[in-house]
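One structure below.
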Amino acid sequence: MSTLEIAAATQAKTTGSPGASARRPSSRRLGLAGWLLPIALAALWELLVRAGIANGRLMPPPSVVGRTLWGLAASGELLTHVTATLWRVAAGFGLGAGVGTVLGALTGALPVARGLLDPTLQALRAIPSIAWVPLFILWFGIFEASKVALIAVGVFFPVYLGVAAAIQGIDRRIVEVGRVFRLGRLAMVRRVLLPAILPAWFTSLRSGLGLGFMFVVAAEIMGASEGLGYLLVDGQQLGRPDTIIAAIISFAVLGKLADGLLLAITRPFLAWQDLGRDTL
Amino acid sequence: MLSFETLSKTYADGTRALSAITASVAAGEILALVGGSGCGKTTLLRLIAGLDRPSAGRILLDGEAILEPRADVGVIFQEPRLFPWLSVADNVAFGLSHLSAFEREGLVTNALVRVGLAGYEKRWPRELSGGQQQRIAIARALITRPKLLLMDEPFSALDATTRASLHGHLLALWEESRPTVVMVTHDVEEAVTLADRIIVMQPKPGRIFDELDNPLARPRDRLSPAFEASKREVLRTLDRSLRDEEPQQHKTAETAGMWW
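Which chain is which? The protein sequence lines are A and B, in order.
Each number in our numbering corresponds to the 1-based position in the first sequence with 8 added.
Each number in our numbering corresponds to the 1-based position in the second sequence with 1010 added.
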């Protein structure tokens, strides 16, 4: 989803603002250019199916997908699925991001905690998260709890790593300025450490959110009675590729909207950063 | 008054950065520390700032030992070290959080005028040039009216013109409240321009080689023969300090060679 954008933004940040701001208008034009290919392909496919050259059964044309999507929306079914999915992502993201932030802060700030916790967490990270599913189902049942737990695990690691790295990467020289001004422990955290890690924390939250959407699909495919992931499976079992594509499109839109929302919430806190960041 | 009593600092790896420094600085005096690299100038400054603890001896400011950073001691580092997430005004006002917003605003406006950056309150540090950022750092350190101001090669990263204009700004600010100033520099001309007294230091271990009084009256004319004479004297002393050091270096090289 946004990994590339984040990488590009980081690059823009490190290369400095002049280049980034000079590149902005052209990158916007290129952004519009990006629509050309998918629209052209969709139109071509629509034409081929209508002309009877291609059979649209396995790959339905845009008009059919659109009709399906509209039907789902009109019946209120789509809203039920979207709500279920969003609720799971929100719960899992909140849990994973919360625990990830706290543990990341601990291991980043306290060498003792790093020595105790980090090796174990790194080892756990090596386990493909989907491998937890059977265990989580045994532990938490097949309903919501196991799904939320899986999503939380997925969100946890990028946030944990991001926060720990950000804290360890804080410029010691700027902390020294805090010492010169005799900031107490709390004031040091509030006035120096927190603002210093904010950008990296927000970036880790964004990648965490992206993974949250990835894992909600996995969780819902493996057994759910509602949710967009369920819609995917349902479409497969009923032989309705249009339903599957409608669900995929909904996922894409939701993911993009959630990411945009997170970005909009965090942007005011990062106004001080390089202008290149604005295009993120 | 600021005084050092047989001050020593040995780092954990055994490096003797400072050895038995004894000196004193009168209130309102500007003292420059010059010397070759590794002579402990910056270490001494960090000890006075309370950022590091001495291994032996003590530092007294008006009779009180300095063990940690103090409210009445301001520090200007080699780099501006501004907080990138704070506006220029908030950076300057960083040490004034105990005052009301209204009082802060007045002081900040005033301080920015003094460093020639009036109207820059709402800018971000990244929008400023290196010289402007360093001026903000000077304003940030002086706005709390410190009794003692410490500067670690504050102008070394700047070009000659900017440096000269900052010297002017600094002296103007110093005139206002006459804090005691201890500055580290490797630029002899800078030392002669600003300081009342110049301490030449010598490395391995860091110690005082010589002290020179700078009798020039302010304002100082860099082109006057008296200025030239002072500068030459400092340079000569500095040269001597480096020459004296050579045999010793040679010796250590020799012993190191024998060890091999």
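In this text, a Cβ means the ideal position worked out from N, Cα and C, and glycines have one as well.
As the structure is a prediction and not an experimental result, all values here were calculated from the model.
| Item | Value |
| --- | --- |
| Would you kindly report the start and end of the unbroken alpha helix (DSSP H) that includes GLY102 (chain A)? | 85-117 |
| Could you pull the start and end residues of the beta strand (DSSP E) that LEU1043 (chain B) belongs to? | 1040-1045 |
| Applying a beta-carbon distance threshold of less than 7 Å, which residues of chain A neighbour TRP1095 (chain B)? | PRO203 and TRP280 |
| Excluding the five sequence neighbours on either side, which residues of its own chain have a C-beta within less than 6 Å of the C-beta of PRO1215 (chain B), listed in chain order? | ARG1026 and SER1029 |
| Could you give the residue range of the alpha helix (DSSP H) that holds GLY268 (chain A)? | 249-274 |
| Helix or strand or just coil, what does DSSP make of ARG65 (chain A)? | coil |
| Leaving aside the five residues before and after TYR1130 (chain B) along the sequence, list all residues of the same chain whose C-beta is less than 7 Å from its C-beta, in chain order. | VAL1098 and LEU1122 |
| Check the DSSP bridge columns for ILE1069 (chain B) and list the partner residues they point to. | B:PHE1014 |
| Which residues bound the beta strand (DSSP E) around MET1161 (chain B)? | 1158-1162 |
| Please classify TYR1021 (chain B) as buried or exposed, where buried requires at least 16 other C-beta atoms within 10 Å of its C-beta. | exposed |
| I'd like the ranges of any alpha helix (DSSP H) spanning at least 4 consecutive residues and lying wholly in the segment 1217-1246 of chain B. | none |
| Measuring only the C-alpha atoms, how far is TRP209 (chain A) from GLY170 (chain A)? | 6 Å |
| Measure the C-alpha to C-alpha separation of LEU290 (chain A) and GLY100 (chain A) and round it to an integer number of angstroms. | Only positions 9 to 288 of chain A appear in this structure, which leaves residue 290 (chain A) out of reach. |
| With distances taken Cα to Cα, identify the nearest neighbour of ARG1228 (chain B) among B:LEU1204, B:MET1211, B:LEU1168 and B:PHE1219. | B:LEU1204 |
| Just verifying my parser: in three-state terms, what is the DSSP assignment at SER1034 (chain B)? | strand |
| When you compare each of B:GLU1238, B:SER1107, B:ASP1223 and B:TRP1184 to ARG198 (chain A) by their alpha carbons, which one comes out closest? | B:SER1107 |
| Once the 5 residues before and after GLY112 (chain A) are set aside, which same chain residues still bring their CB inside 6 Å of it? | TYR168, VAL171 and ALA172 |
| Taking all protein chains shown into account, do 16 or more other C-beta atoms lie within 10 angstroms of the C-beta of GLY104 (chain A), making it buried, or fewer, making it exposed? | buried |
| Does the Cβ of ARG1188 (chain B) have 16 or more other Cβ atoms within 10 Å, making it buried, or fewer, making it exposed? | exposed |
| Just to confirm before moving on: does the CB-CB distance between VAL1044 (chain B) and ALA1174 (chain B) stay below 8 Å? | no |
| Does THR251 (chain A) pass the burial test, meaning 16 or more other C-beta atoms within 10 Å, or should it be called exposed? | buried |
| Could you tell me the boundaries of the alpha helix (DSSP H) in which THR1172 (chain B) lies? | 1170-1187 |
| Within the segment 1116-1156 of chain B, note down every full alpha helix (DSSP H) run reaching 4 residues or more, in order along the chain. | 1140-1152 |
| Give the DSSP-derived three-state secondary structure of MET1211 (chain B) in the structure shown. | strand |
| When you compare the CB of PHE1104 (chain B) with every CB in chain A, is at least one pair closer than 8 Å? | yes |
| If you draw a straight line from the alpha carbon of GLU1243 (chain B) to that of HIS1179 (chain B), how long is it in whole angstroms? | 26 Å |
| Reducing DSSP to helix, strand and coil, say where GLU54 (chain A) ends up. | helix |
| With 8 Å set as the bound, which would you pick, yes or no: does the beta-carbon of ARG193 (chain A) sit closer than that to a beta-carbon of chain E? | In summary, chain E is missing from the structure at hand, where the protein chains are A and B. |
| Check whether chain A comes within 8 Å of ALA1059 (chain B), counting only Cβ atoms and requiring the distance to be less than that. | yes |
| Since VAL1085 (chain B) meets chain A, which of its residues come closer than 7 Å, beta carbon to beta carbon? | VAL188 |
| When the Cα atoms are used, what is the spatial distance from ALA134 (chain A) to THR1016 (chain B)? | 56 Å |
| Applying a beta-carbon distance threshold of less than 7 Å, which residues of chain A neighbour ALA1081 (chain B)? | ARG190 |
| Unbroken alpha helix (DSSP H) runs of length 4 or more, entirely within the segment 126-162 of chain A: which are they? | 141-148 |
| Whose Cβ in chain B lies nearer than 7 Å to the Cβ of VAL185 (chain A)? | ARG1091 |
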